[in-house]
Amino acid sequence: MNNADLAEKIATDHNVTKADARKLVDGVFAAIADAAAAGEEISINGFGKFKVKSTPEREGRNPGTGATITIKASKKLGFTPAKAVKDKLNG
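In UniProt numbering, the protein residues as written are 1 to 91.
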């Protein structure tokens, strides 16, 4: 399912136009991205939590040459599903 499919489902289920539903879907994901960029944890009741995880700078190896390289510190967005979602997935 992509953004357009999700917007179409919302439009059908809630009797709104596809354009309005698309704006809502885009707005929700923009709000999640903005909160994550600010380092906040996003908790959606009954769905799950999005949490920013930091990875420190570390040394690695170039697989082609074997040379030691420094891998920059980075952040990634992790997701932990709520129990209700886990239960749906596992029947």
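Beta carbons: idealized from backbone N, C-alpha and C, even for Gly. Nothing here was measured: the structure is a model prediction, and the numbers come from that model.
>> Measuring only the C-alpha atoms, how far is V85 from G48?
In response: Cα to Cα, the separation comes out at about 8 angstroms.
> Around the Cβ of V28, are there at least 16 other Cβ atoms within 10 angstroms (buried) or fewer (exposed)?
Replying inline: A residue is called buried when at least 16 other Cβ atoms come within 10 angstroms of its Cβ; V28 does not meet this threshold and is exposed.
> What's the gap between the Cα of A30 and the Cα of K75?
Replying inline: K75 has its alpha-carbon roughly 18 angstroms from the corresponding atom of A30.
>> I need the straight-line Cα distance from R22 to F50, nearest angstrom please.
In response: Rounded to whole angstroms, R22 to F50 spans 22 angstroms at the Cα level.
> Which residues in the same chain as I69 place their Cβ atom closer than 6 angstroms to its Cβ, once the five residues preceding and following it in sequence are excluded?
Replying inline: Within the same chain, Cβ atoms closer than 6 angstroms to the Cβ of I69 are found at G60, N62, the five residues on either side in sequence being excluded.
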